[in-house]
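A short write-up of the structure that comes next.
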Amino acid sequence: MGWKRTNDETLKVNNLGIRACLVDGDTFRAACAKAETEGVKINWTELVTHTYELAVNCLQTNYYGAKRMIESFLPLLQLSQSPRIVNVSAEMGKLKDFKVGSLESKGWPVVIDGYIIAKAALNAYTRIVAKKHPNMKVNSVCPGFVKTDINFHTGKLSVEEGAQSIVRLALVPDDGPSGLFFVRAQESSF
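Be aware that the sequence shown starts at 848, since it is given in the working numbering, and climbs by one per residue.
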């Protein structure tokens, strides 16, 4: 999380990421490279190990951690002339994909349920906070597949490229969107 106060503008960005499973980095990188070069679909069940404790830790960090942070900062944000909250989420946290059973067909690993559930909950909470605080601009964004520690730097985008969509939402004008989910710069369904 980073936040900065300049003039009467408060910027707060939630970017929490904890995996809900154990993955060997070398094996993961090799599978990603093979998928890219040979067009082979990644077999997630062979790559990951799940435990209840990891799923709970993931949910505590990726959902409850963000929720507690928002609740803690709300009094400060309410003092701002242009309060903004940007929750960094993931495209695989779309409730619609759960509903229609399209996670696997879209290439999302159905075996990392803790992470998917946490991000779906964060997206839903974004809508709740936006509705409860109409004077704030509250949005969720998937910055894309960014090269970070959580994916062993196998992403396609640099950190700077991923940050662009987050910063854009943090700087939306007062008549800008709120309560929405974005995949990079594009509004998307929940």
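Ideal Cβ positions, reconstructed from N, Cα and C, are used throughout, including at glycine.
Identified DSSP bridge partners for residue i
{"i": "V988", "result": "V935 and F1029"}
{"i": "V993", "result": "L1004"}
{"i": "S1035", "result": "F1028"}
CB of residue i within 8 angstroms of CB of residue j, strictly
{"i": "K994", "j": "S1005", "result": "yes"}
{"i": "V887", "j": "V933", "result": "no"}
{"i": "D1021", "j": "S929", "result": "yes"}
{"i": "S1025", "j": "K984", "result": "yes"}
{"i": "A1099", "j": "L894", "result": "This structure leaves residue 1099 out entirely; the chain is present only between 848 and 1037."}
Reference residue i, options the options, closest by Cα
{"i": "K914", "options": "V976, R876 and D873", "result": "V976"}
{"i": "T909", "options": "L1027, I964 and K984", "result": "In the sequence as displayed, the identity of residue 909 is Asn instead of Thr. Checked all of L1027, I964 and K984; the closest Cα to N909 is I964."}
{"i": "T896", "options": "P922, D960 and L906", "result": "D960"}
{"i": "L1027", "options": "V1019, F1037 and L906", "result": "F1037"}
Environment of residue i [buried if 16+ CB atoms lie within 10 Å]
{"i": "K979", "result": "exposed"}
{"i": "A880", "result": "exposed"}
{"i": "T973", "result": "buried"}
{"i": "L969", "result": "buried"}
Chain-order list of residues whose beta-carbon lies under 7 angstroms from that of residue i (same chain, five-residue window excluded)
{"i": "K966", "result": "N909, S936, A937, M939 and G940"}
{"i": "F999", "result": "G872, F875 and R876"}
{"i": "A1032", "result": "S1012 and R1015"}
Own chain, CB closer than 6 angstroms to residue i, minus 5 neighbours either side, in chain order
{"i": "G1009", "result": "P990, G991 and V993"}
{"i": "L1018", "result": "none"}
{"i": "I889", "result": "A878 and A882"}
Beta-carbon proximity list for residue i, same chain, < 8 angstroms, skipping 5 on both sides
{"i": "F1029", "result": "N986, S987, V988, C989, S1012, L1016 and S1035"}
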